[in-house]
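Protein chains in written order, with the working numbering: chain A, 113 to 318; chain B, 113 to 318. By construction, the Cβ of each residue, glycine as well, lies at the ideal position given by its N, Cα and C atoms. Only one structure is covered here, and it is reproduced in the block below.
2 protein chains.
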Amino acid sequence: MKLKDQNTEAIILDAAKLIFMEKGLYGARMQDIANQAGINKALLHYYFRNKERLFDEVFGGALERYFQNMEIISDESLPIMERVLTYSNRFVHFLAEYPQMSIFLIKEISSNQALFHLKVKGIKKDKKYSLLTVLNEGIQNGELPSLDPVVFLMNLHSLCAYPFVAAPIFQVICQSSGVQWDDSNHEKLLNSISDFIHYKLSKTRI
Amino acid sequence: MKLKDQNTEAIILDAAKLIFMEKGLYGARMQDIANQAGINKALLHYYFRNKERLFDEVFGGALERYFQNMEIISDESLPIMERVLTYSNRFVHFLAEYPQMSIFLIKEISSNQALFHLKVKGIKKDKKYSLLTVLNEGIQNGELPSLDPVVFLMNLHSLCAYPFVAAPIFQVICQSSGVQWDDSNHEKLLNSISDFIHYKLSKTRI
DNA sequence: TCATGGTTTAACCAAATGGTTAACAAAAGT
DNA sequence: ACTTTTGTTAACCATTTGGTTAAACCATGA
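As structure tokens, then:
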């Protein structure tokens with residue numbers, strides 16, 4: 113029975129992820145999730161006591177993967193520029209793989225900041241460096257030019273994440289101008305971000 | 113009666129805007145809106161037949177103002193660089209004034225792309241130029257260096273809008289790193305965007 | 001084989017919620 | 001004054017929805 117057990121649990125989580133991602137906490141219906149998973153609604157409550165617990169599971173998982181990817185730059189063996197480049201690369205690839213993740217996080221965080229706060233604290237506890245500390249360090253020891261690290265962080269995240277967050281908007285904008293915006297643009301996007309990083313973090317600014 | 117009439121309608125719209133912005137279409141409850149407006153729930157249905165109509169009113173209004181601000185660059189008397197700078201400036205100021213607008217649009221668009229599509233078509237019909245066409249023009253006549261206008265558009269919008277969209281996330285990130293992220297950063301943000309525009313649109317690239 | 005315990009379901013329940021009705025209030029027209 | 005129109009409300013209704021219950025199902029070990 114253990115086999116089947118783990119299986120349905122995973123199936124439920126996948127279904128819940130899909131539905132929650134699409135509809136959010138309020139929009140999602142337990143029945144929809146049950147249908148998606150191909151099981152009875154009561155079974156949802158058997159595995160995850162209620163809607164919030166199920167949501168928490170999905171949400172927590174998403175957050176963990178999110179931060180996991182955000183914290184990869186702590187590798188001190190590489191120059192900071194290199195780390196930031198890899199970091200943004202992985203960030204974009206991560207978002208490309210889970211396109212709804214970003215918007216999902218933002219949706220839910222904006223309507224339930226408290227939960228997010230707690231989860232982050234739990235996850236960040238065991239992480240040593242954040243991009244911010246790394247940047248500050250680099251500025252102080254002269255590896256980076258002097259710049260406002262918070263603004264840079266904001267800019268960088270904007271360039272990486274917004275294209276996925278606002279994909280629906282852009283599809284319409286581009287469409288109505290006769291251009292296409294699809295996955296083939298990821299490479300161009302990455303190039304422009306690399307360009308930005310080099311521009312901002314090179315010691316030889318103009 | 114005309115006086116009171118217009119008044120309650122406006123009150124309802126304000127209340128609906130507030131609640132819808134915060135909770136979205138699904139999350140918002142008619143009762144909440146009625147309470148916020150200080151009136152009976154039935155009165156909502158008296159003025160706006162049902163929830164969707166009321167939502168449409170709020171949503172349509174938001175969209176119109178949004179696009180109104182996005183289309184100001186059509187002033188041909190100015191050099192393109194100037195126009196783009198003003199454009200991004202106004203964009204940021206607009207979002208600063210309606211911080212939830214962007215996230216609201218994204219939320220609703222992502223769960224109801226069709227409506228958005230229609231509304232945009234209706235609004236864009238009477239607009240002559242979009243940022244894209246202006247950019248393309250500038251590239252062709254040599255006023256701008258050769259660059260991918262779609263990617264630039266994406267980058268620019270990202271830099272402007274994401275800080276507002278992701279404000280909740282950033283507040284937590286910054287907080288857990290001991291930094292502050294509040295309105296005082298708008299100016300820094302604007303500077304960094306100006307810098308980006310100059311970097312990208314100057315003919316004298318490095 | 002059959003008792004046991006985890007798994008799954010159909011049927012049900014109570015609360016929430018969008019929407020309606022009928023009656024009342026207040027202004028405007030006559 | 002009184003009739004009509006417009007604005008407003010309390011009470012109500014039907015449906016949806018999260019959650020529960022009791023019974024059935026089924027693999028496994030005694």
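{"Check": "Cβ-Cβ separation, F203 of chain B to C272 of chain B (assumed contact under 8 Å), whole Å", "Outcome": "5 Å"}
{"Check": "Proximal residues, the stretch 251-265 of chain A versus chain B, C-beta separation under 7 Å", "Outcome": "D260, V262 and V263"}
{"Check": "R141 of chain B, DSSP secondary structure in three states", "Outcome": "coil"}
{"Check": "Chain A contacts from the stretch 275-291 of chain B (Cβ-Cβ distance under 7 Å)", "Outcome": "P275, V277, A278, P280, I281, F282, V284, C286, S288, S289 and V291"}
{"Check": "Continuous alpha helix (DSSP H) stretch holding E194 of chain A: start and end", "Outcome": "I192 to E209"}
{"Check": "V196 of chain A: contacting residues in chain B (beta-carbon distance under 8 Å)", "Outcome": "Correct list: empty, because the minimum Cβ distance to chain B is about 16 Å."}
{"Check": "Neighbourhood of F216 of chain A by C-beta, 8 Å cutoff - its chain only, sequence neighbours within 5 removed", "Outcome": "F132, M133, G136 and A174"}
{"Check": "Cβ pair count under 8 Å reaching 3, the stretch 267-286 of chain A against the stretch 276-290 of chain B", "Outcome": "yes"}
{"Check": "Chain B contact for Y199 of chain A (CB, 9 Å cutoff)", "Outcome": "no"}
{"Check": "Own chain, CB closer than 8 Å to I309 of chain A, minus 5 neighbours either side, in chain order", "Outcome": "M193, V196, L197, S200 and L268"}
{"Check": "Contacting residues, own chain, Cβ-Cβ under 8 Å from P211 of chain B (five flanking each side not counted)", "Outcome": "F276 and A279"}
{"Check": "Where N267 of chain B meets chain A, residues with beta-carbon distance less than 7 Å", "Outcome": "L271 and S304"}
{"Check": "Contact set between V232 of chain A and chain B, taken where Cβ atoms lie within less than 7 Å", "Outcome": "V284 and S288"}
{"Check": "C-alpha distance - K231 of chain A paired with I124 of chain A, whole-angstrom precision", "Outcome": "22 Å"}
{"Check": "Coarse secondary structure for G150 of chain B, derived from DSSP in three states", "Outcome": "coil"}
{"Check": "Interface flag, I184 of chain A vs chain B, CB-CB below 9 Å", "Outcome": "no"}
{"Check": "Sub-9 Å separation of A149 of chain A and A128 of chain A beta-carbons", "Outcome": "yes"}
{"Check": "Beta-carbon proximity check, V291 of chain A vs L244 of chain B, cutoff 9 Å", "Outcome": "yes"}
{"Check": "Assigned secondary structure, K315 of chain A (DSSP; H/G/I helix, E/B strand, else coil)", "Outcome": "coil"}
{"Check": "When A:K233, A:N224, A:A208 and A:S289 are compared against L302 of chain A, the one with the closest alpha-carbon", "Outcome": "A:A208"}
{"Check": "Residue closest to K315 of chain B, alpha-carbon to alpha-carbon, out of B:R141, B:P261 and B:L256", "Outcome": "B:L256"}
{"Check": "Segment limits, alpha helix (DSSP H) that includes L244 of chain B", "Outcome": "L243 to Q252"}
{"Check": "Contact with chain B by H229 of chain A, beta-carbon distance below 9 Å", "Outcome": "yes"}
{"Check": "Min CB distance K114 of chain A to chain B below 9 Å", "Outcome": "Because the pLDDT at K114 of chain A is just 40, under 50, the model does not fix this residue reliably, and the value given afterwards should be weighed accordingly. Not an interface residue."}
{"Check": "Whether K300 of chain B touches V263 of chain A by CB criterion (9 Å)", "Outcome": "yes"}
{"Check": "Spatial distance of A146 of chain B from N224 of chain A (CA atoms)", "Outcome": "23 Å"}
{"Check": "As assigned by DSSP and simplified to three states, the class of A278 of chain B", "Outcome": "coil"}
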